[in-house]
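2 protein chains.
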Amino acid sequence: MNTTHNAPHIVKAFSEELEQLTADVAAMGGLAESMVRDALHAATSRDGDLADEVRQRDAQVDQMQRDIEKKIIRLLALRQPIAQDLRVCISALKIVADLERVGDLAKSIARRVHTLNASEPTALNSAVERMGRVVQSHLHQVLDAYATGEASRAVAVWERDDDVDEHYNALFRDLVTAMREDGSMIEPGAHLLFIAKNLERIGDHATNIAEVVHYLVTGQELTADRPRGPRPETS
Amino acid sequence: MNTTHNAPHIVKAFSEELEQLTADVAAMGGLAESMVRDALHAATSRDGDLADEVRQRDAQVDQMQRDIEKKIIRLLALRQPIAQDLRVCISALKIVADLERVGDLAKSIARRVHTLNASEPTALNSAVERMGRVVQSHLHQVLDAYATGEASRAVAVWERDDDVDEHYNALFRDLVTAMREDGSMIEPGAHLLFIAKNLERIGDHATNIAEVVHYLVTGQELTADRPRGPRPETS
Chain A
1205 MNTTHNAPHI VKAFSEELEQ LTADVAAMGG LAESMVRDAL HAATSRDGDL
1255 ADEVRQRDAQ VDQMQRDIEK KIIRLLALRQ PIAQDLRVCI SALKIVADLE
1305 RVGDLAKSIA RRVHTLNASE PTALNSAVER MGRVVQSHLH QVLDAYATGE
1355 ASRAVAVWER DDDVDEHYNA LFRDLVTAMR EDGSMIEPGA HLLFIAKNLE
1405 RIGDHATNIA EVVHYLVTGQ ELTADRPRGP RPETS
Chain B
1205 MNTTHNAPHI VKAFSEELEQ LTADVAAMGG LAESMVRDAL HAATSRDGDL
1255 ADEVRQRDAQ VDQMQRDIEK KIIRLLALRQ PIAQDLRVCI SALKIVADLE
1305 RVGDLAKSIA RRVHTLNASE PTALNSAVER MGRVVQSHLH QVLDAYATGE
1355 ASRAVAVWER DDDVDEHYNA LFRDLVTAMR EDGSMIEPGA HLLFIAKNLE
1405 RIGDHATNIA EVVHYLVTGQ ELTADRPRGP RPETS
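Heads up: the protein sequence lines correspond to chains A and B, in order.
Count the first sequence with my numbering and you get residues 1205 to 1439, in order.
Count the second sequence with my numbering and you get residues 1205 to 1439, in order.
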């Protein structure tokens, strides 16, 4: 091993770099979270300006991922971390990949706002809002668990992945029914289906992040299958 | 740096390990490709048995990802690679993450086969088949580019990402029209929409892999925005 690793001032600088890395990932998480929140608000209130603003924010998330990845590759090359330090780097690499996808999905929700109008049934709107709240809460909790290093909190989210699927399945059924009853609902209904699907996928990324946090904190994988209800629609 | 890196027999073993890693990723790519091919065949021929078989194959892809990740983390810790060797490791880590998602998406297509029946218009079936062929060709070419280290071939796929979007947008319009004209098409139509969306996303993963291959071979990022046609539906 590189013996300069043991020089105290270098060790201190390295631990600071790792702390900064974790802070950078958390900041990217905060931005991705804000995109999900605002995309949902834009969708349920049909706010086109907010939707445009969310779409623009995605470039920032992408740039953060690229910057963090570069930083990690530099750390791996120069510091050659092992054990826990290596886990910090690998976990950051995986989490930013998930967050980049979360940003994409929020952008995708925002892009659909202009296809909706005020005529969709209020009940559907409320169902999307409810599902959105569950997904946002999952994402927020795993990012908190990451920042604070609480594996148990991450596992709690991981075990509740089913809640999101249940919301999604109910919404799928309601949307298909609404589309059957009213032909003018078919196109907006298809977009609402994709919004619901995007929310479900954001939930999946929160679950992935929970697995990474568990690995980061404990060094162990969460390999058991997640509890799953029936998923006829989800697939 | 760890001076044992320079001992010839260790260097040889390390380069062999990296070659094996690349071969493992290529094998995982072959399995993911077979899932996409068979899921599409199952969907367009309504073959439930083949669909079930594809769904079962996903666990194998997931296991391959876990095994390869473990191998990479061990390589990073024990070999502390730099420069090109580090890029081989990071690229493998990123590609297996994409391939794992490709497997999930193929499984998702397979899961929807039972919701379809023989009554959907042949034209829609053919459109799904055509889109599937384009996506499969992109995936195959980037995996070939990875195995052979041909950056230019990867870039060629990256530049043709638009083809997939065009297929998707056309299919979206045709499906919405079919659902409007025939109420009994609404539920299978919704599932076909998701199948098309899943194909589009498999295409996105092929594009991601193209970017990784470019980085692996050249050390440079493909940062320019991809050429994009209008994407009203895609989002």
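Beta carbons: idealized from backbone N, C-alpha and C, even for Gly.
>> Going by beta-carbon coordinates alone, are glycine 1307 (chain B) and leucine 1403 (chain B) separated by less than 9 Å?
In response: As a position in the second sequence, residue 1307 (chain B) is number 103, starting the count at 1. As a position in the second sequence, residue 1403 (chain B) is number 199, starting the count at 1. No.
> According to the neighbour-count rule (16 or more other Cβ atoms, all chains shown, within 10 Å of its Cβ), is arginine 1291 (chain B) buried or exposed?
Replying inline: On the second sequence, position 87 is the one that residue 1291 (chain B) refers to. Within 10 angstroms of the beta-carbon of arginine 1291 (chain B) lie 16 or more other beta-carbons, which makes it buried.
>> Restricting to Cα atoms, I'd like to know which of A:Lys1274, A:Val1421, A:Ile1299 is closest to threonine 1352 (chain A).
In response: Counted from its first residue, the first sequence places residue 1352 (chain A) at position 148. Selected option, being the one with the closest Cα: A:Val1421.
> If we count the other Cβ atoms within 10 Å of its Cβ and call it buried at 16 or more, is methionine 1205 (chain A) buried or exposed?
Replying inline: In the first sequence, the residue the question calls residue 1205 (chain A) occupies position 1. Below a pLDDT of 50, predicted positions are generally treated as unreliable, and methionine 1205 (chain A), at 44, falls in that range; the measurement from the model is reported next regardless. When all chains shown are included, methionine 1205 (chain A) counts as exposed.
> Contact check, glutamine 1345 (chain B) vs arginine 1357 (chain B) under 8 Å by CB: the rounded distance?
Replying inline: One-based indexing of the second sequence puts residue 1345 (chain B) at position 141. One-based indexing of the second sequence puts residue 1357 (chain B) at position 153. Correct: roughly 6 Å between the Cβ atoms.
> Thinking C-beta only, is lysine 1275 (chain B) closer than 9 Å to aspartate 1228 (chain B)?
Replying inline: Position 24 of the second sequence, counted from the start, is the residue given in the question as residue 1228 (chain B). Position 71 of the second sequence, counted from the start, is the residue given in the question as residue 1275 (chain B). In this structure, the beta-carbon distance from aspartate 1228 (chain B) to lysine 1275 (chain B) falls below 9 Å.
> Which bits of chain B does glutamine 1284 (chain A) rub up against, with CB to CB less than 7 Å?
Replying inline: As a first step, residue 1284 (chain A) must be located in the first sequence, where it is residue number 80. Per Cβ cutoff of 7 Å: Gln1284.
> Would DSSP call glycine 1234 (chain B) helix, strand or coil?
Replying inline: In the second sequence, counting from the first residue as 1, residue 1234 (chain B) sits at position 30. Of the three classes helix, strand and coil, the one that applies to glycine 1234 (chain B) here is helix, per DSSP.
> Who are the near neighbours of histidine 1395 (chain A) in its chain, counting only those whose CB is closer than 6 Å to its CB and skipping five residues on each side?
Replying inline: Here residue 1395 (chain A) is taken as the residue at index 191 of the first sequence, counted from 1. Within the same chain, histidine 1395 (chain A) has close Cβ partners Arg1316, Thr1319.
> What is the DSSP secondary structure of aspartate 1253 (chain A), reduced to helix, strand or coil?
Replying inline: Translated into the one-based positions of the first sequence, residue 1253 (chain A) becomes position 49. Of the three classes helix, strand and coil, the one that applies to aspartate 1253 (chain A) here is helix, per DSSP.
> In angstroms, rounded to a whole number, what distance separates the CA positions of proline 1436 (chain A) and isoleucine 1286 (chain A)?
Replying inline: Numbered from 1 along the first sequence, position 232 holds the residue referred to as residue 1436 (chain A). Numbered from 1 along the first sequence, position 82 holds the residue referred to as residue 1286 (chain A). Below a pLDDT of 50, predicted positions are generally treated as unreliable, and proline 1436 (chain A), at 41, falls in that range; the measurement from the model is reported next regardless. The alpha-carbon atoms of proline 1436 (chain A) and isoleucine 1286 (chain A) are separated by roughly 43 Å.
>> If we define contact as Cβ-Cβ less than 9 Å, is phenylalanine 1376 (chain A) a contact residue for chain B?
In response: In the first sequence, the residue the question calls residue 1376 (chain A) occupies position 172. Yes, because at least one Cβ of chain B sits closer than 9 Å to the Cβ of phenylalanine 1376 (chain A).
> Can you give the Cα-Cα distance for serine 1312 (chain B) and arginine 1259 (chain B), rounded to whole angstroms?
Replying inline: The residue given as residue 1312 (chain B) occupies position 108 in the second sequence. The residue given as residue 1259 (chain B) occupies position 55 in the second sequence. Taking the straight line from one Cα to the other gives about 8 Å.
> leucine 1303 (chain B) versus chain A: which residues are under 8 Å apart at the beta carbon?
Replying inline: One-based indexing of the second sequence puts residue 1303 (chain B) at position 99. Chain A residues near leucine 1303 (chain B): none, gap ~13 Å exceeds 8 Å.
> Since lysine 1401 (chain A) contacts phenylalanine 1376 (chain B) with CB under 8 Å, what's their CB separation in whole angstroms?
Replying inline: Position 197 of the first sequence, counting from 1, holds the residue named residue 1401 (chain A). Position 172 of the second sequence, counting from 1, holds the residue named residue 1376 (chain B). With a Cβ gap of about 14 Å, lysine 1401 (chain A) and phenylalanine 1376 (chain B) do not count as contacting.
> Going along chain A, which residues have a C-beta under 7 Å from glycine 1387 (chain B)?
Replying inline: Taking the second sequence and counting its residues from 1, one reaches residue 1387 (chain B) at position 183. Arg1384, listed in chain order.
>> Can you list, in chain order, the residues of its chain with a C-beta nearer than 8 Å to that of valine 1332 (chain B)? Leave out the 5 residues immediately preceding and following it.
In response: Numbered from its first residue, the second sequence carries residue 1332 (chain B) at position 128. Taken in chain order, the residues that qualify are Leu1244, Ala1247, Thr1248, Leu1375, Leu1396, Ile1399, Ala1400, Leu1403.
> Under the three-state reduction of DSSP, which class applies to proline 1392 (chain A): helix, strand or coil?
Replying inline: Here residue 1392 (chain A) is taken as the residue at index 188 of the first sequence, counted from 1. If DSSP states are grouped into helix, strand and coil, proline 1392 (chain A) belongs with the helices.
> Can the beta-carbon of isoleucine 1413 (chain B) be found less than 9 Å from the beta-carbon of alanine 1310 (chain B)?
Replying inline: Residue numbering aside, residue 1413 (chain B) sits at position 209 when the second sequence is read from its first letter. Residue numbering aside, residue 1310 (chain B) sits at position 106 when the second sequence is read from its first letter. Against a cut-off of 9 Å, the Cβ pair of alanine 1310 (chain B) and isoleucine 1413 (chain B) comes out as no contact.
> Using CA coordinates, which residue listed in B:Leu1379, B:Asp1289, B:Val1361 is at the minimum distance from serine 1330 (chain B)?
Replying inline: As a first step, residue 1330 (chain B) must be located in the second sequence, where it is residue number 126. Restricting attention to B:Leu1379, B:Asp1289, B:Val1361, the CA atom closest to the CA of serine 1330 (chain B) is found in B:Leu1379.
> Of all the alpha helix (DSSP H) runs that stay within the bounds of the segment 1341 to 1400 of chain B, which reach a length of 4 or more residues?
Replying inline: Qualifying alpha helix (DSSP H) stretches, in chain order: 1355 to 1363, 1365 to 1385.
> Relative to chain B, which residues along the segment 1212 to 1245 of chain A have a C-beta separation below 7 Å, given in chain order?
Replying inline: none
> Taking only beta-carbon atoms, is alanine 1414 (chain A) less than 9 Å away from chain B?
Replying inline: Taking the first sequence and counting its residues from 1, the one referred to as residue 1414 (chain A) is at position 210. Not one chain B Cβ lies under 9 Å of alanine 1414 (chain A).
> Under 9 Å between C-beta atoms, does leucine 1290 (chain A) make it to chain B?
Replying inline: Walking along the first sequence from the start, residue 1290 (chain A) turns up at place 86. With 9 Å as the cut-off, leucine 1290 (chain A) counts as an interface residue toward chain B.
> What does valine 1380 (chain A) touch in chain B if you count any residue whose Cβ is under 7 Å from its own?
Replying inline: On the first sequence, residue 1380 (chain A) is found 176 positions in, with the first residue counted as 1. Per Cβ cutoff of 7 Å: Ile1390, Glu1391, Ala1394.
>> Can you tell me where the alpha helix (DSSP H) holding glutamate 1425 (chain B) begins and where it ends?
In response: Taking the first residue of the second sequence as 1, we reach residue 1425 (chain B) at position 221. Counting along the chain, glutamate 1425 (chain B) falls outside any alpha helix (DSSP H), and DSSP gives it neither H nor E.
> alpha helix (DSSP H) containing serine 1312 (chain B): first to last residue?
Replying inline: Locating residue 1312 (chain B) in the second sequence gives position 108, where the first residue counts as 1. That run of the alpha helix (DSSP H) goes 1287 to 1316.
> chain A beta carbons: is any one of them nearer than 9 Å to that of glutamate 1257 (chain B)?
Replying inline: As a first step, residue 1257 (chain B) must be located in the second sequence, where it is residue number 53. So no, glutamate 1257 (chain B) is outside the interface.
>> Just verifying my parser: in three-state terms, what is the DSSP assignment at serine 1219 (chain A)?
In response: The residue given as residue 1219 (chain A) occupies position 15 in the first sequence. Of the three classes helix, strand and coil, the one that applies to serine 1219 (chain A) here is helix, per DSSP.
> Skipping 5 residues on each side, what residues in its chain have a beta carbon closer than 6 Å to that of methionine 1268 (chain B)?
Replying inline: Along the second sequence, read from residue 1 onward, the residue named residue 1268 (chain B) stands at position 64. So the qualifying residues of the chain are Met1232.
> In terms of alpha-carbon separation, which member of A:Arg1270, A:Leu1254, A:His1418, A:Arg1261 lies closest to valine 1416 (chain B)?
Replying inline: For the purposes of this step, residue 1416 (chain B) is taken as the residue at position 212 of the second sequence. Out of A:Arg1270, A:Leu1254, A:His1418, A:Arg1261, A:Arg1270 has the C-alpha closest to the C-alpha of valine 1416 (chain B).
> For the segment 1398 to 1425 of chain B, which residues have a CB atom closer than 8 Å to at least one CB atom of chain A, in sequence order?
Replying inline: Phe1398, Lys1401, Glu1425
> Would you call leucine 1328 (chain B) buried or exposed, if buried means 16 or more other Cβ atoms sit within 10 Å of its Cβ?
Replying inline: Here the question's residue 1328 (chain B) lines up with position 124 in the second sequence. That one is buried.
> Roughly how far, in whole angstroms, is the beta-carbon of aspartate 1365 (chain A) from the beta-carbon of threonine 1411 (chain A), given that I think they are within contact range, below 8 Å?
Replying inline: In the first sequence, counting from the first residue as 1, residue 1365 (chain A) sits at position 161. In the first sequence, counting from the first residue as 1, residue 1411 (chain A) sits at position 207. 5 Å between Cβ atoms; contact.
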